[in-house]
Each structure stands twice: as C-alpha cells, then as structure tokens.
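Residue numbers (this note's numbering): 3 to 368. C-beta atoms are modelled at their ideal positions from N, C-alpha and C, and glycine is treated no differently. Owing to the predicted nature of the structure, the values given are computational and were not obtained by experimental measurement.
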C-alpha cells in the first residue's frame with residue numbers, strides 16, 4: 003500500500019478551507035509603493051501600451067508562444083488538472099477576469115515566470131512543481147498571477163529585450179552606458195515587483211507559513227524537516243544588520259544585477275507586511291477597487307514610494323544606513339548652528355525674534 007506523503011512533501015493534498023475572496027480588488031492593494039508608483043505613472047502615459055505591443059514583434063513573443071506549445075505542457079483540465087484548479091481558484095480569489103495561459107516546462111531548475119506583452123503567460127518548471135506541496139504551489143501560482151494582474155509581464159519582457167539589446171549597441175558611443183543605466187533601474191523596480199507579487203500570493207493562499215516554506219525550499223531544497231522558519235527569518239535579519247560598511251557595500255554589489263530579492267529577505271519582507279496590518283485590513287474588505295484605478299494619483303503614489311524608501315533607511319539595521327542617518331543628523335545639527343549664528347549676526351529669525359537672544363534667554367528674563 004502506498005504511503006501518503008508527509009506534511010511539506012511534494013504532492014501533499016491539503017483539505018479545502020475557507021478563504022476570503024476580494025471582488026473588484028485593484029492590484030494597487032498589494033503592490034509595493036515603489037512598484038505602484040512606477041505602474042501608476044506608466045498607465046497614465048497615452049499610447050504606452052500600444053508602443054509596447056509593437057515592440058513584441060522585435061522581442062519574438064510569437065516565437066515564445068510557439069516554442070511553449072511545442073516544447074512544454076499547456077495546463078488545462080486534461081493536463082496537470084491539479085495546477086489548473088489552483089489557477090482557477092487564484093483567479094477567483096483575486097477576481098481576475100482574464101485568466102492567463104499556464105505551461106509546465108521540463109527542467110530541473112526551480113523557477114516560475116510570467117512573460118508576454120500582448121497576453122501574459124505563466125511558466126512553471128518541473129523542478130518547481132516537484133519541489134512544492136499543494137499550498138506552497140498555490141502561493142507560487144498566486145504570485146505569478148499577481149505579476150500578470152499588475153502588468154509586470156510587460157516590464158519583465160522589456161528587461162529581457164534591453165539585456166539582449168545592450169550587447170548589440172555596445173559599439174555606439176555611450177550606447178552601452180545608457181542601456182545599462184536603464185537596465186539597473188528596471189532591475190531595482192522588478193525586485194520591488196517581486197515583493198508585490200509575494201503579497202498577491204499570500205492573498206491567494208492566505209497561509210503565511212506556506213509562503214515562508216516556499217522561500218525556505220527555494221534556498222535549501224526539499225529538506226524542509228531540517229529547517230526552521232523562525233531561524234530562516236533570523237538569517238534575513240542578520241543579513242540586513244550584520245557586519246560593517248564593507249559588508250554593506252558587498253550587499254549592494256550582490257543585489258545590483260539580481261532580478262529577485264533573496265529568499266530569506268523575501269520571507270522577512272512578507273512577515274513585515276503582515277505585521278503592518280495591511281494584510282488583515284484587506285482580508286476584512288478594506289482595499290482599493292479597480293474602479294478607482296483611473297483616478298489614482300501618480301503624485302501621491304510617488305510620494306508614498308519616497309516615504310517607503312525613507313522609512314526603510316530610517317528603520318534599517320544595516321551599518322551603511324546607520325552611517326547615512328548619523329551623517330544626515332550631524333549635517334542637520336551643523337546647519338541649525340550655522341543658521342542660528344547667521345541670524346544673530348545679520349538679521350532676524352523667522353517670526354521677528356530678537357537675533358541676539360535665544361528662546362531660553364527670553365524665558366529666563368520673564
């Protein structure tokens with residue numbers, strides 16, 4: 003008699019459970035502020051979508067679809083029906099009207115991606131499918147659906163195109179430098195887009211433990227019984243805060259060319275999103291609707307992105323970020339002292355105060 007798989011093993015069947023659905027939810031509900039600001043701005047550019055679709059001919063999107071039809075397995079009720087059901091369920095939870103195509107491709111590499119300019123296509127590798135249990139796979143399908151729903155597939159395809167183009171224009175004066183600067187900006191954007199889609203995956207699965215397990219397996223393989231979720235997240239905290247400025251610079255170099263944040267960092271970021279209260283508010287029905295997308299303010303989203311980066315620097319335990327905070331504080335103090343001296347010597351302070359006396363002196367005189 004065949005023994006059922008143990009918890010956490012590939013192929014594990016998890017009983018159906020009640021999960022919240024989000025009618026008319028906007029992708030803005032789960033998008034990282036930096037990702038949302040860029041997307042809002044691009045959506046407001048007249049003719050941008052048309053331009054990108056014209057580029058699809060250059061990128062070979064038709065070739066890609068034909069290759070997948072010929073050299074991968076298209077998921078449906080007749081092929082990989084378990085994964086087909088997960089995609090149907092994810093579309094229902096996020097109320098996604100246009101279901102993307104999904105393919106499973108044979109390779110031992112553990113990977114999933116969403117690409118395409120005209121219609122997004124999700125590709126999961128057999129290495130990924132074999133590694134994950136059902137709830138982990140639900141998280142990944144929700145993650146990839148988040149990419150498609152937000153329109154990330156468009157920009158991932160742009161990134162691939164630009165990387166291919168960078169070699170072709172290397173001989174032009176300044177051509178390589180200009181393309182590389184744009185690629186660097188897109189990579190930073192896409193790392194934030196990955197955090198957005200992790201949140202979408204959590205909204206689909208509504209199981210933070212499964213989401214963290216997925217990242218643990220991405221980092222350490224199938225040996226889940228040898229790993230510990232809390233210790234794994236502690237790794238991320240040590241990565242963020244450990245070492246000195248040399249380590250901070252090395253981290254910048256490590257992440258510069260990466261399309262994805264590292265697995266332990268993604269787990270930490272997702273738990274922080276839950277702890278922020280936003281996840282629970284969405285579960286309670288408090289989320290932006292799609293009918294408000296057209297009126298979304300690019301300026302407000304840009305400010306939210308700037309605030310998010312500022313908050314990240316403020317709360318970071320990274321040694322370099324601590325030095326930057328100290329420098330900013332010292333610079334502010336120097337500015338205040340210089341400004342005070344100038345006011346006392348040459349003019350009045352704002353509000354008409356006596357430049358020769360400090361506020362403390364005024365209080366004492368009274």
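In the three-state reduction of the DSSP assignment, residue 125 falls in the strand class.
When the five nearest sequence neighbours on each side are left out, the beta carbons in the same chain lying within less than 6 angstroms of the beta carbon of residue 93 are those of 101, in order along the chain.
For residue 32, the closest alpha carbon among the candidates 115, 290 and 127 is that of 290. The beta carbon of residue 134 sits closer than 7 angstroms to those of 12, 142, 216 and 219, all from its chain and outside the five residues before and after it, given in chain order. Counting only the Cα atoms, residue 238 lies some 23 angstroms from residue 144. The alpha-carbon of residue 83 is positioned some 35 angstroms away from that of residue 277.
In the structure shown, the three-state DSSP call for residue 291 is strand.
Taking residue 271 as reference, the option from 293, 198, 251 and 282 with the minimal CA-CA separation is 198.
Ranking 232, 206 and 89 by CA distance to the CA of residue 78 puts 89 first. Secondary structure of residue 206 (DSSP, three-state): helix.
Taking a contact as a CB-CB distance under 8 angstroms, the pair residue 128 and residue 122 does not count as one, their CB atoms being some 21 angstroms apart.
Every alpha helix (DSSP H) stretch that sits fully inside the segment 192 to 259 and reaches 4 residues is listed by chain position as 210 to 222, 231 to 243 and 247 to 258.
Here the segment 183 to 202 makes no contact with the segment 221 to 235; the two share fewer than three CB pairs at distances below 8 angstroms. The Cβ-Cβ distance between residue 24 and residue 98 does not fall below 8 angstroms. Ranked by Cα distance from residue 268, the options 285, 29, 241 and 67 are led by 241. Cβ-Cβ distances below 6 angstroms link residue 222 to 229 in the same chain, with the five nearest sequence neighbours on each side left out; the list follows chain order. At the C-beta level, residue 280 and residue 210 stay beyond 8 angstroms of one another. Cβ-Cβ distances below 6 angstroms link residue 150 to 102, 116 and 122 in the same chain, with the five nearest sequence neighbours on each side left out; the list follows chain order. The beta carbon of residue 75 sits closer than 6 angstroms to those of 81 and 106, all from its chain and outside the five residues before and after it, given in chain order. In this structure, DSSP gives residue 144 a helical state, which the three-state scheme calls helix. A check of alpha carbon separations from residue 295 across 28, 138, 251 and 253 identifies 28 as the nearest. A direct Cα-Cα distance of roughly 35 angstroms separates residue 226 from residue 72. In the displayed model, residue 151 falls within a helix according to three-state DSSP.
When DSSP reads this structure, residue 272 sits in no beta bridge, so it has no partner.
Rounded to the nearest angstrom, the Cβ distance from residue 191 to residue 36 is 7 angstroms, consistent with a contact under 8 angstroms. The shortest C-alpha to C-alpha distance from residue 196 to any of 34, 109 and 22 is the one to 34. Excluding five sequence positions before and after residue 30, the CB atoms of its chain that fall closer than 6 angstroms to its own CB belong to 38 and 290, given in chain order. Less than 8 angstroms divides the Cβ of residue 208 from the Cβ of residue 22. Rounded to whole angstroms, the separation of the alpha carbons of residue 249 and residue 67 is 43 angstroms.
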